[in-house]
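A.B. asks: In this note's numbering, the protein residues as written are -15 to 178. First the structure, which I've put down as structure tokens, then a few questions once you've had a look.
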């Protein structure tokens, strides 16, 4: 898992403009403010494929949809999501608050893997590589996520950025919206697919 090639092509001026846009959107966010519907006065239309999760709290689209590599893994109490464009791992917790936390992806393939833990049954497993590194930092099997319930899946996904977050669509139609409170935490929702 490496940084997106897009990031390496940014000019210093382009990077500053991007950072300024993210900061402006973050500072303008108020959890109690209602978002304008996507169809009213938004200069960039939300992708129809992403509209189920994007229309409410995310506000207007700030980018056209684009494709990037994504990986996710299901756990007993949530899931982990890696997006190449972000170079971070988002831990999405299931629960009444549907919160997520993001962590820098510091895994390198040349790092040795830890000794595997024994799962309590055949339906549960230990995550590996970048997901495994974050999972262990968060308490492993006794942490808030519990054991992984499926293998990690990698796929090309469609992403669109919005005033207050992003929407991610898997090839199977599952869509995630991440409402950003700051760069490392927020709330999330899922629509469609699995």
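C-beta: ideal position from N, C-alpha, C; glycine also.
Quick check: the region 93 to 100 against the region 158 to 175, are at least 3 beta-carbon pairs closer than 8 Å?
C.D. replies: A contact is defined here as three or more CB-CB pairs under 8 Å, and the region 158 to 175 fails this definition with respect to the region 93 to 100.
A.B. asks: Determine the contact status of residue 64 and residue 54, defining contact as a CB-CB distance below 8 Å.
C.D. replies: no
A.B. asks: Determine the DSSP secondary structure at residue 93, reduced to helix, strand or coil.
C.D. replies: In this structure, residue 93 counts as coil in the three-state DSSP scheme.
A.B. asks: My assumption, with CB atoms under 8 Å, is that residue 51 sits in contact with residue 141. Please give the rounded CB distance.
C.D. replies: Contact between residue 51 and residue 141 is confirmed by a C-beta separation of about 7 Å, below the 8 Å threshold.
A.B. asks: Can you round the beta-carbon distance between residue 143 and residue 48 to whole angstroms, since I take them to be within the 8 Å contact cut?
C.D. replies: Rounded, the Cβ-Cβ distance is 10 Å, inconsistent with contact.
A.B. asks: So residue 172 is in the beta strand (DSSP E); what residue range does that whole segment cover?
C.D. replies: 169 to 175
A.B. asks: Run through the DSSP bridge pairs and tell me what residue 43 is partnered with.
C.D. replies: Answer is none; residue 43 lacks a bridge partner.
A.B. asks: Quick check for students: name the residue ranges of the alpha helix (DSSP H) that lie wholly in the region 107 to 175, counting only runs of 4 or more.
C.D. replies: 113 to 121
A.B. asks: Anyone know if the C-beta pair for residue 114 and residue 73 falls short of 8 Å?
C.D. replies: yes
A.B. asks: Between the alpha carbons of residue 131 and residue 25, how many angstroms are there, rounded?
C.D. replies: Those two C-alpha atoms are separated by around 44 Å.
A.B. asks: What distance in whole Å lies between the Cβ atoms of residue 129 and residue 201, which are believed to be in contact at a cut-off of 8 Å?
C.D. replies: Residue numbering for the chain in the displayed model covers -15 to 178; residue 201 lies beyond these limits and cannot be assessed.
A.B. asks: Return the bridge partner residues of residue 28 from the DSSP annotation.
C.D. replies: According to DSSP, residue 28 bridges with nothing at all.
A.B. asks: Here's the rule I'm using: 16 or more other beta-carbon atoms within 10 Å means buried, otherwise exposed. How should residue 161 be labelled?
C.D. replies: buried
A.B. asks: My output table needs one value for residue 71: the three-state DSSP class, helix, strand or coil.
C.D. replies: coil
A.B. asks: Please report how far the alpha carbon of residue 29 lies from the alpha carbon of residue 45, in whole angstroms.
C.D. replies: 6 Å
A.B. asks: From residue 83 to residue 93, what does the alpha carbon distance come to, in whole angstroms?
C.D. replies: Approximately 29 Å between the Cα atoms of the pair.
A.B. asks: Can you tell me which of 139, 147, 41 puts its alpha carbon nearest to the alpha carbon of residue 66?
C.D. replies: 139
A.B. asks: Could you spell out where the beta strand (DSSP E) holding residue 103 opens and where it closes?
C.D. replies: Taken as a continuous stretch (DSSP letters only), residue 103 belongs to no beta strand (DSSP E), as it is neither H nor E.
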